[in-house]
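What follows is a short report on a single structure.
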Amino acid sequence: MPMMNGQHKVLVVSLLLLLVASTSTAVAAVDFTAHELEQLAKGKLVKRIMPESGKDSTVGGTSFMMVNALPETVWKATTDIEAWPHIYPYTYSAEPLTRHANATSVRLRLGVKLLQANIYMTVVTDQASFEMSTRLNKQLSSPLAKDMRSTMKLLPQPGGKTLIVYSCVTDVSLGPIVAMLGRTVIQDMENVLLRLPKLLKQYVEGPSGNKYR
117 MPMMNGQHKV LVVSLLLLLV ASTSTAVAAV DFTAHELEQL AKGKLVKRIM
167 PESGKDSTVG GTSFMMVNAL PETVWKATTD IEAWPHIYPY TYSAEPLTRH
217 ANATSVRLRL GVKLLQANIY MTVVTDQASF EMSTRLNKQL SSPLAKDMRS
267 TMKLLPQPGG KTLIVYSCVT DVSLGPIVAM LGRTVIQDME NVLLRLPKLL
317 KQYVEGPSGN KYR
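Written out as C-alpha cells, the structure reads:
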C-alpha cells in the first residue's frame, strides 16, 4: 500500500476525530514538575498523555496552558459558542440550539472541505467554578459516534493570568487504522485533541480577544 502524504494523513485524522468515542477525565489538583513549570512560564503547551493512550482503543490525556488574561476574560471566550469556528480547527459552524439552566444543546459542523458531518453536543457550564464540560448527544449524532466528552477548567493565577486545564479521553477502534498508517496516527490524534488550550490562548491574547475584556 502506498504511503500517505501529510495532507492525506491530516484528512484521515480529521475524520477519525469526527467519529471518536470519549469519556471525560476528572480535573485533579495540579502538581507540576520543574520542567513543566518552565514550559508554562514560557507560554508553551504542557501535555500529559495517558499511559494507556494508543493501547487497546483509548487516546487522550490532559493539557495545560497559561494565558495572559483574567479567568473572567478567558471564560467569556470559552463559552462564546458561535466563536468556536474562529478558534478551533475543522469547525465550520457552531450553533446553539436550546438552553436549559446551565446546559446548552449545540450543533457542530465538523470536517474538512467536502467531508463534513453534523455533531450534536450538550455543553454544561459552571461560571462560579469556571468549568465547562461537553458530551455527545447520541440520539441526534451519527451512529458511528458512540460518545464524546471533555472537561475544561480555568484556574486563576497570580498577575491576572489563567491556567487552562483541559482533559479528554477518546475511545476508538485503532487496530485497522494503526495497521494502515502506523502508530504516528495516534500521536497526531493526541496532538489535535490536546492543543485546544493553545488555540484558545492565541485567540484570547490576539486582536479577537479584545471584545471579551
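Heads up, the sequence shown is in my numbering, so the first residue is 117 and it goes up one at a time.
Where a beta carbon is used, it is the ideal one built from N, C-alpha and C, also for glycine.
Predicted model only: the values in this text are computed from it and were never measured.
Opposing strand residues paired with residue i [DSSP bridges]
i: P272; result: T278
i: Y236; result: R223
i: L252; result: M237
i: P212; result: V222
i: E247; result: D242, K269
i: I165; result: G177
i: M182; result: L279
Three-state secondary structure (DSSP) of residue i
i: P187; result: helix
i: S324; result: helix
i: V228; result: strand
i: V146; result: coil
i: T286; result: strand
i: T207; result: strand
i: K158; result: coil
i: A199; result: helix
i: A193; result: helix
Supposed close pair residue i, residue j - CB separation, criterion 8 angstroms
i: L226; j: Y206; result: 5 angstroms
i: L252; j: C284; result: Not confirmed; about 12 angstroms, so no contact.
Cβ contact (3+ pairs, closer than 8 angstroms) linking the region 233–240 and the region 151–159: No, the region 233–240 is not in contact with the region 151–159.
The region 195–212 contacting the region 157–164, beta-carbon criterion three pairs below 8 angstroms: They do not touch, by the three-pair rule.
Inter-stretch contact at 8 angstroms, needing at least 3 Cβ pairs: the region 215–231 / the region 306–320: Of all C-beta pairs linking the region 215–231 to the region 306–320, fewer than three are shorter than 8 angstroms, placing the two stretches out of contact.
Touching by the beta-carbon criterion (3+ pairs, under 8 angstroms), the region 197–207 and the region 271–281: Proximity of the region 197–207 to the region 271–281 falls short of the contact definition, fewer than three beta-carbon pairs being nearer than 8 angstroms.
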